[in-house]
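Chemist: Add 20 to the 1-based position in the sequence shown for this note's numbering, that's all there is to it.
Built from N, CA and C at the ideal position, the CB exists for glycine as well.
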Amino acid sequence: MTSSPPAETAPGVRKAARRLVPLLGVCFFINIIDRTNVSIAALEMNADIGLSAAAYGLGAGIFFIGYFLFELPSNLALDRYGARRWIFRIMLTWGLISAGMALVDGPTSFYVLRFLLGAAEAGFFPGVVYYLRQWFGQREFARVLAGMSAFGPAANALSAPISTWILVTLGWQWVFVIEAVPAVVLAVVVLRYLPDRVEDARWLTPTERDEVREQLPDPTSGHVRLREALTDSQTVLMSLQYFLIMTSSYALVLWLPQVIKALGVSTVATGWLTAVPFAVAAAGMVWWGRHTTRTGEYVWHAVVPCGAGAVAFLLGAWVNSAVMSMFLLSVAAFAVYTGASAFWALPRRFVTGAAGAAALAVANSFGNLGGFVGPYLTGWIRESTGSFDLALAALAVPLLLGGLLTFRTGRSRPGPITERTTTPHSGETT
21 MTSSPPAETA PGVRKAARRL VPLLGVCFFI NIIDRTNVSI AALEMNADIG
71 LSAAAYGLGA GIFFIGYFLF ELPSNLALDR YGARRWIFRI MLTWGLISAG
121 MALVDGPTSF YVLRFLLGAA EAGFFPGVVY YLRQWFGQRE FARVLAGMSA
171 FGPAANALSA PISTWILVTL GWQWVFVIEA VPAVVLAVVV LRYLPDRVED
221 ARWLTPTERD EVREQLPDPT SGHVRLREAL TDSQTVLMSL QYFLIMTSSY
271 ALVLWLPQVI KALGVSTVAT GWLTAVPFAV AAAGMVWWGR HTTRTGEYVW
321 HAVVPCGAGA VAFLLGAWVN SAVMSMFLLS VAAFAVYTGA SAFWALPRRF
371 VTGAAGAAAL AVANSFGNLG GFVGPYLTGW IRESTGSFDL ALAALAVPLL
421 LGGLLTFRTG RSRPGPITER TTTPHSGETT
């Protein structure tokens with residue numbers, strides 16, 4: 021892998037970033053809104069359709085079962101059909117299903133539509149990550165990913181008060197309908213403007229295409245069995261790391277408005293206050309990503325947020341001050357978002373070729389099952405105890421374990437998962 025300063029700052033690389041990152045960042049922005057706006061709608065929806073805390077947690081999390089089952093096939097389809105067409109398909113179907121969430125009338129329909137939404141979205145973010153790897157070398161990729169990933173908490177921060185306004189003005193059904201429209205519109209934009217490969221970018225000159233290629237890792241020839249990527253120890257460890265981080269992350273994201281409302285504030289105030297931790301996380305991710313790039317150190321930049329978040333969750337379970345609770349929730353939001361973003365930068369050092377792409381897809385797929393466990397566990401504890409105190413304390417455990425595992429695997433510096441040259445046969449390949 022080459023990461024020389026000239027390649028990083030070459031005009032072609034800068035132009036590619038200017039063209040690709042804003043479009044994909046906005047798509048990711050809408051993706052996060054449509055995935056998590058249920059947390060705002062739930063402030064009124066739960067009572068209207070008879071959802072208990074445990075039932076809401078189950079339905080919010082069941083999204084990730086559909087996501088898990090369809091993610092790897094979706095990533096393989098992206099490789100086969102090209103990023104432009106497949107991201108178009110993903111965005112179109114998730115937009116339509118997200119709008120369909122307005123039709124839920126009870127627990128069963130809530131579970132079914134959340135599952136279908138997860139299946140429709142499957143492969144979007146890892147597909148975007150894989151796509152960006154085809155355009156940017158390590159240091160530029162880390163910078164681009166940190167900047168684009170900041171669109172996630174920024175989406176939550178900006179959409180929370182808007183979604184709340186729609187909720188109190190028009191009703192929870194319109195939260196889903198109105199916020200689904202941009203996904204359908206952007207799907208058409210992607211189909212028209214996103215190039216599948218460097219060679220397809222007509223807005224790059226031949227010299228600029230060469231500049232982009234020169235700062236990419238050298239490809240490894242050959243084929244790899246999918247089974248090898250699935251069973252490789254690095255893939256297993258990456259999956260476990262991401263699972264632990266996502267357990268705490270999605271529990272916070274999907275329950276935050278209800279946690280804040282439990283502090284005794286109005287629904288409108290809940291929307292504005294929900295934006296605060298996400299705004300802190302968005303700004304923190306940009307700063308943390310730049311610091312990571314400047315130092316070239318990745319392990320501690322993934323471990324420290326996990327430790328800080330675990331402490332924030334533990335303290336949040338015991339404080340009685342609303343102001344202190346908001347401060348600790350902001351620290352926790354910064355931690356789960358920066359920890360997850362740093363995780364995606366880590367595997368870039370250890371995986372290469374098609375095997376690496378498969379390993380990342382598998383790690384993301386299995387890891388996102390934490391998005392099922394975390395919200396459901398939080399809802400179950402909330403319903404069993406009548407408060408969020410023990411639920412918040414419980415979220416410290418997976419985040420701390422994820423940080424410790426990241427430290428162990430990051431410092432061990434395993435060899436790369438690479439493609440093995442094999443004789444083609446009937447086995448699965450990527």
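Is the beta carbon of Ser385 sitting closer than 8 Å to the one on Glu141?
Modeler: Reading the sequence shown from its first residue, position 365 is the one you call residue 385. Reading the sequence shown from its first residue, position 121 is the one you call residue 141. Going by C-beta atoms, Ser385 is not nearer than 8 Å to Glu141.
Chemist: Along the chain, where does the alpha helix (DSSP H) containing Phe408 start, and where does it finish?
Modeler: One-based indexing of the sequence shown puts residue 408 at position 388. Per DSSP, Phe408 belongs to no alpha helix (DSSP H) and is neither H nor E.
Chemist: So what's Asp230 in DSSP terms, helix, strand or just coil?
Modeler: By 1-based counting over the sequence shown, the position of residue 230 is 210. Looking at Asp230 - three-state DSSP - the assignment turns out to be helix.
Chemist: What residue does the alpha helix (DSSP H) around Trp114 start on, and which one ends it?
Modeler: What you label residue 114 is simply residue 94 of the sequence shown in a count that begins at 1. Its alpha helix (DSSP H) spans residues 103-120.
Chemist: Indicate the three-state DSSP secondary structure (helix, strand or coil) for Gln154 in the structure shown.
Modeler: As a working mapping, residue 154 is identified with position 134 in the sequence shown. Reduced to three states, the DSSP call for Gln154 is coil.
Chemist: Once the 5 residues before and after Gln154 are set aside, which same chain residues still bring their CB inside 8 Å of it?
Modeler: On the sequence shown, position 134 is the one that residue 154 refers to. Here the set comprises Arg217, Val218, Leu236.
Chemist: Taking only three categories from DSSP, how would you classify Glu28?
Modeler: Translated into the one-based positions of the sequence shown, residue 28 becomes position 8. Low confidence applies to Glu28: its pLDDT is 47, below 50, so where it sits in the model is not reliable enough to give any reading.
Chemist: Quick check: the segment 395-408 against the segment 261-273, are there 3 or more CB pairs under 8 Å?
Modeler: Yes, they touch.
Chemist: Evaluate the contact criterion for the segment 290-306 versus the segment 176-184: three or more CB pairs, one atom per stretch, below 8 Å.
Modeler: At 8 Å Cβ cutoff, the stretches touch.
Chemist: Below 8 Å on the Cβ atoms is my contact criterion, and I expect Phe408 with Val279 to pass it. Report the Cβ-Cβ distance as a whole number of Å.
Modeler: Looking up residue 408 in the sequence shown gives position 388. Looking up residue 279 in the sequence shown gives position 259. Indeed, because the Cβ distance is near 5 Å, the residues count as touching under 8 Å.
Chemist: Determine the contact status of Leu172 and Phe48, defining contact as a CB-CB distance below 8 Å.
Modeler: Numbered from 1 along the sequence shown, position 152 holds the residue referred to as residue 172. Numbered from 1 along the sequence shown, position 28 holds the residue referred to as residue 48. Here residue 172 turns out to be Gly, not Leu, going by the sequence shown. Contact flag set, yes.
Chemist: Whole angstroms is fine: what's the gap from Val232's alpha carbon to Arg38's?
Modeler: For the purposes of this step, residue 232 is identified with residue 212 of the sequence shown, where counting begins at 1. For the purposes of this step, residue 38 is identified with residue 18 of the sequence shown, where counting begins at 1. When rounded, the distance between both Cα atoms is 13 Å.
Chemist: Can the beta-carbon of Gly79 be found closer than 8 Å to that of Pro127?
Modeler: The residue labelled residue 79 in the question sits at position 59 within the sequence shown. The residue labelled residue 127 in the question sits at position 107 within the sequence shown. Taking 8 Å as the Cβ cut-off, Gly79 and Pro127 qualify as a contacting pair.
Chemist: Is the separation between the beta-carbon of Phe83 and that of Leu123 shorter than 8 Å?
Modeler: Here residue 83 refers to the residue found at position 63 when the sequence shown is read from its first residue. Here residue 123 refers to the residue found at position 103 when the sequence shown is read from its first residue. No; because the gap between Cβ atoms is not below 8 Å, this pair is not in contact.
Chemist: Using a Cβ-Cβ cutoff of less than 6 Å, which residues in the same chain neighbour Ala30 once the five nearest sequence positions on both sides are dropped?
Modeler: The residue labelled residue 30 in the question sits at position 10 within the sequence shown. Excluding residues within five positions, the ones whose Cβ falls inside 6 Å are Glu231.
Chemist: If you draw a straight line from the alpha carbon of Leu380 to that of Trp106, how long is it in whole angstroms?
Modeler: Within the sequence shown, the letter at position 360 stands for residue 380. Within the sequence shown, the letter at position 86 stands for residue 106. One C-alpha to the other measures close to 18 Å.
Chemist: With a 10 Å radius around its C-beta and 16 neighbouring C-beta atoms as the bar for buried, classify Ala362 as buried or exposed.
Modeler: Counting from one through the sequence shown, the residue named residue 362 turns up at place 342. Buried: at least 16 other Cβ atoms inside 10 Å.
Chemist: Measure the alpha-carbon distance for Val210 versus Thr227 and round it to whole angstroms.
Modeler: Translated into positions along the sequence shown, residue 210 becomes position 190. Translated into positions along the sequence shown, residue 227 becomes position 207. Their backbone Cα atoms lie some 25 Å apart in a straight line.
Chemist: Return the CA-CA distance between Asp8 and Gly387, expressed in angstroms with no decimal places.
Modeler: What is shown of the chain runs 21 to 450, which leaves residue 8 out entirely.
Chemist: Using C-beta distances below 7 Å, list every residue in its chain close to Phe347, excluding the 5 sequence neighbours before and after it, in chain order.
Modeler: Here residue 347 corresponds to residue number 327 of the sequence shown, with the count starting at 1. Once the five neighbours on either side are set aside, Phe347 has no close Cβ partner at all.
Chemist: Using 8 Å as the threshold, is the segment 322-329 in touch with the segment 352-362, meaning 3 or more CB pairs across them?
Modeler: The segment 322-329, when compared against the segment 352-362, does touch it at the 8 Å Cβ threshold.
Chemist: Once you ignore the five residues that flank Glu28 on each side, which residues in its own chain have a CB closer than 6 Å to its CB?
Modeler: Residue numbering aside, residue 28 sits at position 8 when the sequence shown is read from its first letter. Caution applies to Glu28, whose pLDDT of 47 falls short of 50 and renders its modelled position unreliable; the model cannot decide the point.
Chemist: With C-beta atoms as the reference, is Glu199 less than 8 Å away from Asn340?
Modeler: Reading the sequence shown from its first residue, position 179 is the one you call residue 199. Reading the sequence shown from its first residue, position 320 is the one you call residue 340. The answer is no: Cβ separation not under 8 Å.
Chemist: For Trp114, collect the residues of the same chain with a Cβ closer than 7 Å to its Cβ; drop the 5 residues on either side in sequence, then sort them by chain order.
Modeler: For the purposes of this step, residue 114 is taken as residue 94 along the sequence shown, with counting starting at 1. Excluding residues within five positions, the ones whose Cβ falls inside 7 Å are Asp54, Leu137, Ala140, Glu141, Ala203.
Chemist: Please classify Tyr131 as buried or exposed, where buried requires at least 16 other C-beta atoms within 10 Å of its C-beta.
Modeler: Taking the sequence shown and counting its residues from 1, one reaches residue 131 at position 111. Label assigned to Tyr131: buried.
Chemist: Tell whether a beta-carbon distance below 8 Å holds between Asn51 and Phe144.
Modeler: Locating residue 51 in the sequence shown gives position 31, counting from the first residue. Locating residue 144 in the sequence shown gives position 124, counting from the first residue. Yes, the pair counts as a contact, with Cβ atoms nearer than the cut-off.
Chemist: Can you grab the Cα-Cα spacing for the pair Met168 / Val41, in whole Å?
Modeler: As a first step, residue 168 is located in the sequence shown; it is residue number 148 there, counting from the start. As a first step, residue 41 is located in the sequence shown; it is residue number 21 there, counting from the start. One C-alpha to the other measures close to 7 Å.
Chemist: Where does Tyr318 land, buried or exposed, given buried means 16+ other C-beta within 10 angstroms?
Modeler: As a position in the sequence shown, residue 318 is number 298, starting the count at 1. By the 10 Å Cβ count, Tyr318 comes out buried.
Chemist: Give the DSSP-derived three-state secondary structure of Ala416 in the structure shown.
Modeler: For the purposes of this step, residue 416 is taken as the residue at position 396 of the sequence shown. Correct three-state label for Ala416: helix.
Chemist: For Met111, I'd like the list of residues in its chain whose CB is within less than 7 Å of its CB, leaving aside the five on either flank, ordered along the chain.
Modeler: For this step, residue 111 is matched to residue 91 along the sequence shown. Contacts found: Cys47, Ala203, Leu206, Ala207, Val210.
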